[in-house]
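Sequence positions in the sequence shown follow the UniProt record's numbering and run 1 to 349.
Just so you know, even glycine gets a beta-carbon here, dropped at the ideal spot from N, CA and C.
Worksheet: one structure, shown below.
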Amino acid sequence: MSMVRARPFSSRDDLDISPLRVRGQGVSAVAVECICKGGEVELPGRFVGKFYKVPSKREEPPALASHEFRMLEAVKGCPHVVQTLGLFHLPIHNCLKHFLNVEGHCAAPGVPLPWDSQESAQEDDMPTQRLCALFMEKCDYSLQDFAFFRYTESEAAFVCRSVLSALSHLHARGIVHRDVKPANILVGSGGEKVLLGDFGLAAFLEVETNTVSRNGCGTHGFLAPECLEKNEFCEKSDLFALGAVLYQLLFRTFAFVKETKIQSDIATRLGDLPLIPCGRPAGKSDDGCHLIRWLLQRDAYDLPSAVDALDHHWFEAVENPQETLKAFVSEQHWRNDDDDEDEWPMVRR
């Protein structure tokens, strides 16, 4: 669909946005699946709005919102990266009217808004407050929704190849993601595509060093050794994180995530995996295990680039290669929200 794009930060009073459900939340924003019932900006039937609080008299977006929008604009055009639909300044009563009561609390049980505080409640009256909203294409799930389900090697290969394609696109533009993990790998169109999302921590590499400071970014258990030891990210750090994701998909357990951050970091530094990816003795193909070992090298210099990893023979040798996750996703629809976990299909557990 061709979008009528607004200015980078466009104040819109004409958009009639109705929220459907909360898809996730962080310290400074909440992601909400939405529909647009009217307005001059053309939007798809459903999309995700990432809402940040903006004081009513402020005309610039929050730094986090502006940064993520710039990163998404810098990497647009890749079919394996979530697409942005625009960054907008909206009246609060139009975009979250069904999720807020008169006191400013979230109406969805157990999901408080990140700006819901005594301080914010004392600001200007609710109808005059405005929100910064980053609109993005809607995806159905993240890999976090299917954590520790059983993937076939062909399904894992499809996921891995999609993320590698996204990373090669980023790295060619001098950008690192800095938070590759299951929650940020999205599944859209009923399983037809896998996308890399959440670019809030993405950053441009320093030209002189081809690295960027960690600055507390990343998720323990998916951080590469150089992130822990040198406090910096490079392109290979994203590849290491993807190796930890691929390990989880194939072996249905975390590679390095432990009970505490310190334990996770120690396991990462030591390369202490719960199950050695040794091919057939581990119940997996030699080619798949070789790629995992290659991606989880402790020295960044020994890791492949995203382009080199895409050429790995596993992607050609895998049995019954898949070009979608449709079969996987459709099996998850067998269960409904009221089912006991023990009743879920054994084929994927």
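At which residues does the beta strand (DSSP E) containing residue i begin and terminate?
i: R161; result: Taken as a continuous stretch (DSSP letters only), R161 belongs to no beta strand (DSSP E), being part of the alpha helix (DSSP H) at 153-172.
i: A29; result: 29-38
i: F135; result: 130-137
i: F88; result: 84-91
i: L186; result: 185-188
Consider the Cβ of residue i: report whether some Cβ of chain D lies at a distance smaller than 7 Å.
i: F222; result: Within the model displayed, chain D is absent; a lone protein chain is all it includes.
Along the chain, where does the alpha helix (DSSP H) that runs through residue i open and close?
i: P62; result: It is not in any alpha helix (DSSP H) - P62 carries neither H nor E in the DSSP assignment.
i: residue 404; result: Residue 404 is absent from the model: the chain starts at 1 and stops at 349.
i: residue 359; result: What the structure shows of the chain is the stretch from 1 to 349, and residue 359 is not part of that stretch, so it cannot be assessed.
i: G288; result: 286-295
i: L228; result: 225-229
i: E316; result: 314-317
i: V307; result: 306-310
Would you kindly check if the distance between the Cβ of residue j and the Cβ of residue i is under 7 Å?
i: C139; j: R178; result: no
i: H313; j: L195; result: no
i: L228; j: D265; result: yes
i: G174; j: L205; result: yes
i: Y247; j: I292; result: yes
i: A65; j: L134; result: yes
i: R214; j: F240; result: no
i: R12; j: L90; result: yes
i: G221; j: T324; result: no
i: L131; j: F47; result: no
i: F315; j: R161; result: yes
i: K284; j: L249; result: no
i: P274; j: T260; result: no
i: D238; j: V329; result: no
i: V187; j: Y141; result: yes
i: A300; j: H171; result: no
Once the 5 residues before and after residue i are set aside, which same chain residues still bring their CB inside 6 Å of it?
i: S2; result: Residue placement at S2 is poorly supported in this model, since its pLDDT is 38, which falls under 50; the coordinates are not used for a value here.
i: N320; result: S154
i: D14; result: G39, E40
i: L72; result: T84, F199
i: Q297; result: L303
i: F148; result: R252
i: V159; result: V194
i: A224; result: S237, F240
i: S165; result: H80
i: R21; result: E33
i: A31; result: R23, G24, V48, K50
i: Q144; result: P182, A183
With a threshold of 7 Å on Cβ separation, who are the neighbours of residue i within its own chain once the five nearest residues in sequence on each side are excluded?
i: S18; result: C34, I35, K37, H98
i: R5; result: The predicted position of R5 is uncertain, since its pLDDT is 45 and thus under 50; a value taken from the coordinates is nonetheless stated next. Excluding sequence neighbours, R5 sits near G86.
i: Q83; result: K76, M136, E137
i: G279; result: S285, D286, C289
i: A74; result: R173, I175
Which one or two residues does DSSP pair with residue i in a beta bridge?
i: R269; result: Paired residues: none, contrary to the question.
i: V81; result: L196
i: A203; result: V176
i: G191; result: DSSP output for G191 lists no bridge partner at all.
i: V48; result: E33, M136
i: Y141; result: V187
i: V212; result: F233
Identify, in the order they occur along the chain, each residue of the same chain with its Cβ nearer than 8 Å to the Cβ of residue i, setting aside the five sequence neighbours on each side.
i: V163; result: H80, V180, I185, V194, L196, L242, V245
i: R269; result: P225, L228, E229, R298
i: residue 351; result: No answer is possible for residue 351: it lies beyond the span of the chain, which begins at 1 and ends at 349.
Tell me whether residue i, by its Cβ, gets closer than 6 Å to a heavy atom of the ligand COA.
i: G221; result: The ligand COA is not part of the structure shown, which contains no ligands of any sort.
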